[in-house]
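Following: one structure in structure tokens, then a few remarks.
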Amino acid sequence: MEQRTFEEFYRELYAPMTKVAYLMMGSRQLAEELVQDAFIRLYEHFDDVKNPGGFLRTVVTRLCINASNRQAMERQRVTLLDSRVYTDPDIDEMWDRLAAISADHRVVLVLRYYEDLSHREIARIIGRPTATVRTRVARALRELRRGLEC
Amino acid sequence: MLRPENDKNPLEGRLRHTLHAKAGEFDILTSESIPTPHVKSHHEVSTALATPGRRLNWVAVPLVGIVILAVVGLTVLRSDSGSHSSVSSRVSSPESYTMTASDERVLPGQTIILTVDGPDLARLSGGGDAYFEKRVGDGWRRLYKLVWYGQGDPTVQRLDATTLFLPVQATPFPVLIPAVPPGAYRITRLFDVGSSDRKTRASTRVTVKKCPLGQRPTFVEAAAVSGPNAQDVLTPLCV
Chain A
2 MEQRTFEEFY RELYAPMTKV AYLMMGSRQL AEELVQDAFI RLYEHFDDVK NPGGFLRTVV
62 TRLCINASNR QAMERQRVTL LDSRVYTDPD IDEMWDRLAA ISADHRVVLV LRYYEDLSHR
122 EIARIIGRPT ATVRTRVARA LRELRRGLEC
Chain B
1394 MLRPENDKNP LEGRLRHTLH AKAGEFDILT SESIPTPHVK SHHEVSTALA TPGRRLNWVA
1454 VPLVGIVILA VVGLTVLRSD SGSHSSVSSR VSSPESYTMT ASDERVLPGQ TIILTVDGPD
1514 LARLSGGGDA YFEKRVGDGW RRLYKLVWYG QGDPTVQRLD ATTLFLPVQA TPFPVLIPAV
1574 PPGAYRITRL FDVGSSDRKT RASTRVTVKK CPLGQRPTFV EAAAVSGPNA QDVLTPLCV
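Here the protein sequences come in this chain order: A and B. What the first sequence shows, in this note's numbering, is residues 2 to 151, in sequence order. What the second sequence shows, in this note's numbering, is residues 1394 to 1632, in sequence order.
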């Protein structure tokens, strides 16, 4: 099979990875920065990586979790969420709730409901047991529901 | 793969819908600013490539460059093919008229002056209104009318407000920035050219800044507004 180049992966995966990071971070700028970092890491390990898409998703997810957990980043994320394009009240309300829940919960929800990944796949990405992921998704949904009912 | 029909409750469906809608929105946001991150990525990838001790992929640098140029080119083409002709704060309309704002970074409630430049300006007459727009999909959605009848203070009015047809000089034209969330917006004015039925358009971009700490953009009750359609006049402020 023909070996695909780094540039081909960059061209193919930059946009989808940035979207995932945007959903996790709520900030376009941060998403772009994190995806750039992820691609740099992919480049550094390109010869050894068997599944660049999976590698990138894992790196982007972990970078997003780390970034969200940094207080300064969190403040910036919340600020930047204010600059969203207003669309539909239902969407805006849900988006606001997503911004309010913890980064760990938001990340698993994005992987589960945007990336359509199984609990096991998510577990592999975030480096936690499958049972933990299942619990985390359930708690995240509960947290979302609680916020929406207020 | 999970599908919406597998969602166990409406909340999951709504969440999925929101995530996909916001991801689509990211396309809208990115379509205006792809060059910056890609140029940056070029720089960073190039830096990584050039770092001593790493395997140098001689194909990588030119190819990344080509990708960047292609994306930038596509972005420009895509912008040009949008529903309106003006795509940046100083891009000419088809008639080569340009419109610039006295301040491109503004706050809700701030008054700025729009200046039109181009050939034979005396042939241009503008209505007393401009449009404050935000990007939606491939086009622009009008949010408010920015009204000024040639004297007094400029006002913000709802789109459905009836404004007088009162031609005013094309330039200068003061506008009041509405109470909107921070972000990039566009102001558009339409002009009649000479005595013909032809119309032309000029647009300029502005970036609405975040209100000072603890304040939010809002419309407050106008204390004493008089003149045409006073009931439709909105007073934007950071409060």
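All residues carry an ideal CB built from backbone N, CA and C; glycine is no exception. Bear in mind the structure is a predicted one, so any value in this text is a computation, not a measurement.
- When C-beta distances to chain B are compared with 7 Å, the residues of the stretch 139 to 150 of chain A below that value are 142, 145, 146, in chain order.
- Linking residue 97 of chain A to residue 1499 of chain B through their CA atoms gives a straight-line distance of about 25 Å.
- In this structure, the beta-carbon distance from residue 1572 of chain B to residue 1610 of chain B falls below 8 Å.
- Assignment of residue 1581 of chain B by DSSP, reduced to helix, strand and coil, places it in the strand class.
- Residue 111 of chain A has a beta carbon lying within less than 8 Å of a beta carbon in chain B.
- Counting of Cβ neighbours within 10 angstroms places residue 111 of chain A among the buried residues, the total reaching 16 or more.
- Residue 1596 of chain B carries a strand assignment under DSSP once its states are collapsed to helix, strand and coil.
- For a Cβ distance threshold of 7 Å, residue set 1412, 1415, 1416 of chain B lies close to residue 24 of chain A, ordered along the chain.
- Pairing residue 1409 of chain B with residue 14 of chain A, the inter-Cα distance amounts to about 21 Å.
- Between residue 92 of chain A and residue 145 of chain A, the CB-CB gap reaches or exceeds 8 Å.
- Proximity of residue 92 of chain A to chain B, defined by a Cβ-Cβ separation below 8 Å, is satisfied.
- The three-state secondary structure of residue 1627 of chain B, taken from DSSP, is strand.
- Using beta-carbon distances, residue 95 of chain A counts as an interface residue toward chain B, with a partner under 8 Å.
- Rounded to whole angstroms, the separation of the alpha carbons of residue 1541 of chain B and residue 1582 of chain B is 12 Å.
- Scanning its chain for C-beta atoms nearer than 8 Å, with the 5 sequence neighbours on each side dropped, one finds around residue 1576 of chain B the residues 1527, 1600, 1601, in chain order.
- Residues of chain A whose Cβ lies closer than 8 Å to the Cβ of residue 1405 of chain B are, in chain order, 114, 142.
- Rounded to the nearest angstrom, the gap between the Cα atoms of residue 1495 of chain B and residue 1525 of chain B is 16 Å.
- Interface flag for residue 1606 of chain B against chain A is unset, since no Cβ pair is found closer than 8 Å.
- An exposed status is given to residue 143 of chain A, since fewer than 16 other beta-carbon atoms sit within 10 Å of its beta-carbon.
- Distance from the CA of residue 137 of chain A to the CA of residue 38 of chain A, rounded to the nearest whole angstrom, comes to 27 Å.
- Residue-level contact check: residue 1408 of chain B touches chain A, since one or more beta carbons of chain A fall below 8 Å from its beta carbon.
- The beta carbons of residue 1580 of chain B and residue 1507 of chain B sit about 7 Å from each other, so the pair counts as a contact at 8 Å.
- The alpha-carbon separation between residue 1492 of chain B and residue 6 of chain A amounts to approximately 45 Å.
- From the listed residues A:40, A:59, A:116, the smallest Cα separation to residue 9 of chain A is found for A:40.
- Under the three-state reduction of DSSP, residue 6 of chain A is assigned to coil, being neither helix nor strand.
- Just measuring C-alpha positions, the residue of A:149, A:23, A:116, A:105 sitting nearest residue 134 of chain A is A:105.
- Looking at the DSSP output, residue 1526 of chain B bridges to B:1535, B:1579.
- Residue 1518 of chain B is a Cβ neighbour of residue 1584 of chain B, given a cutoff of 8 Å.
- At a Cβ-Cβ threshold of 8 Å, residue 1504 of chain B and residue 1626 of chain B do not count as neighbours.
- Nearest in C-alpha terms to residue 34 of chain A, of all of A:70, A:128, A:18, A:45, is A:18.
- Per DSSP, the beta-bridge partners of residue 1569 of chain B are B:1504.
- Going by C-alpha positions, residue 1405 of chain B is about 49 Å away from residue 1546 of chain B.
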